[in-house]
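Just so it is clear: in the sequence shown, position 180 is 180 by full-length UniProt numbering, and no numbers are missing. Notes follow the structure.
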Amino acid sequence: MTAPDLPPETLRPVPLSNSNDGASIIACLGSSSTAGKGQAFDWIGELERRPRNRRCRFRNFGVGGDLAYNALQRLPDVLAYHPQKVVVWVGGNDVLALVSKKVRRFFQFSKHLPSDPSPEWFRENVRRIIRRLKAETSSDVALCSLSPIGEDPTSSNPFQSEINRRVDEFSESVRLVAQEEDVGYLAVHEAMLSQIMAEPGRAFTCFQFFAFYRDAFRALALRKGPDEIAQMNGWRFHTDGVHLNSRGAMIVADLVQEFIDKEPRHSN
Numbered sequence: 001m002t003a004p005d006l007p008p009e010t011l012r013p014v015p016l017s018n019s020n021d022g023a024s025i026i027a028c029l030g031s032s033s034t035a036g037k038g039q040a041f042d043w044i045g046e047l048e049r050r051p052r053n054r055r056c057r058f059r060n061f062g063v064g065g066d067l068a069y070n071a072l073q074r075l076p077d078v079l080a081y082h083p084q085k086v087v088v089w090v091g092g093n094d095v096l097a098l099v100s101k102k103v104r105r106f107f108q109f110s111k112h113l114p115s116d117p118s119p120e121w122f123r124e125n126v127r128r129i130i131r132r133l134k135a136e137t138s139s140d141v142a143l144c145s146l147s148p149i150g151e152d153p154t155s156s157n158p159f160q161s162e163i164n165r166r167v168d169e170f171s172e173s174v175r176l177v178a179q180e181e182d183v184g185y186l187a188v189h190e191a192m193l194s195q196i197m198a199e200p201g202r203a204f205t206c207f208q209f210f211a212f213y214r215d216a217f218r219a220l221a222l223r224k225g226p227d228e229i230a231q232m233n234g235w236r237f238h239t240d241g242v243h244l245n246s247r248g249a250m251i252v253a254d255l256v257q258e259f260i261d262k263e264p265r266h267s268n
């Protein structure tokens with residue numbers, strides 16, 4: 001889902017298998033939290049390892065730093081696989097770009113954004129993703145709400161407080177689009193927030209590029225896992241306040257598992 005944390009060569013979506021073998025194709029579209037590289041726990045890999053998913057073939061379309069707009073541009077890659085189910089998890093980078101001027105400038109340059117990030121633009125891009133999937137596939141589709149950024153839901157820190165407000169707002173937009181378009185909704189935000197509220201932790205008080213690249217170095221060069229990085233940084237559910245460690249990512253994996261296990265919402 002999220003920050004510009006990894007060098008470009010690690011951010012390309014890599015199909016996990018080229019052979020379908022009559023299995024169900026599960027496509028996962030999102031940002032670095034979906035890609036599951038570097039300091040982000042690989043929840044898709046976790047799903048792949050579960051015996052109950054042996055007849056599933058997962059396709060990882062997570063690209064670090066992507067906003068909803070960028071995910072929309074990459075839909076042809078998803079459509080080419082004719083997936084039976086599609087999980088869409090975007091929004092974290094949209095929030096960061098809205099709240100942080102330096103993140104916004106970075107994304108405007110690196111992601112070639114044609115418009116300034118806004119709640120309205122995010123909602124429209126999510127709606128366009130869903131409508132195109134519905135128009136061009138028979139896939140069963142689910143939208144995920146955003147994972148919390150930071151671990152202080154009642155923070156008085158101005159940056160964390162604004163992040164909390166925007167994550168709430170964008171998650172509600174996702175829920176409403178899912179309802180309006182009659183697709184599945186995976187309550188990532190609600191599930192994670194309830195656990196964080198029971199055990200609040202650090203506030204995410206500012207965005208520092210250095211910290212994200214430092215953690216990417218720890219992961220890629222020093223071979224530190226997400227949970228080791230989380231412990232170094234003092235996070236309970238995250239590795240860095242944005243990306244998830246195994247504890248946070250397992251919440252996502254279990255919600256996606258429920259979606260995989262369910263019969264399609266609309267049978268053809």
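Note that the Cβ used here is the ideal one computed from N, Cα and C, for glycine as well.
Between L146 and F259, the CB-CB gap reaches or exceeds 8 angstroms. With 16 or more neighbouring CB atoms inside 10 Å of its own CB, F207 falls in the buried class.
Annotation: G234 to C28 spans about 29 angstroms, alpha carbon to alpha carbon. By the Cβ neighbour-count rule, A198 is exposed, with fewer than 16 other Cβ atoms within 10 Å of its own.
Apart from the 5 residues on each side of it in sequence, K111 sits with its Cβ closer than 8 angstroms to the Cβ of G65, D66, L67, Y69, N70 in its chain, given in chain order.
Boundaries for D240: no beta strand (DSSP E) harbours it, and the DSSP string shows neither H nor E there.
Shown here, W89 sits in a strand according to DSSP, grouped into three states. The DSSP-derived three-state label of D254 is helix.
Contact check for I129 and L72: beta-carbon distance about 5 angstroms, within the 8 angstroms limit, so the pair qualifies.
A Cβ-Cβ contact shorter than 8 angstroms links F204 with I149. Taken through DSSP and simplified to helix, strand or coil, N233 comes out as helix.
In the three-state reduction of the DSSP assignment, V141 falls in the strand class.
If you look at N157, you'll find it isn't in any alpha helix (DSSP H); DSSP assigns it neither H nor E. With a cutoff of 8 angstroms on beta-carbon distance, S139 and P83 are scored as near each other. DSSP places G45 in the uninterrupted alpha helix (DSSP H) bounded by 43-49. The beta carbons of S173 and P119 sit about 6 angstroms from each other, so the pair counts as a contact at 8 angstroms. Between C56 and N157, the alpha-carbon positions lie close to 44 angstroms from each other.
Residue environment: S194 is assigned as exposed (fewer than 16 neighbouring CB atoms within 10 Å of its CB, all protein chains considered).
Here the alpha carbon of R105 sits roughly 11 angstroms from the alpha carbon of V99.
Your pair A35 and G62 checks out as a contact, with CB atoms roughly 3 angstroms apart and the cut at 8 angstroms.
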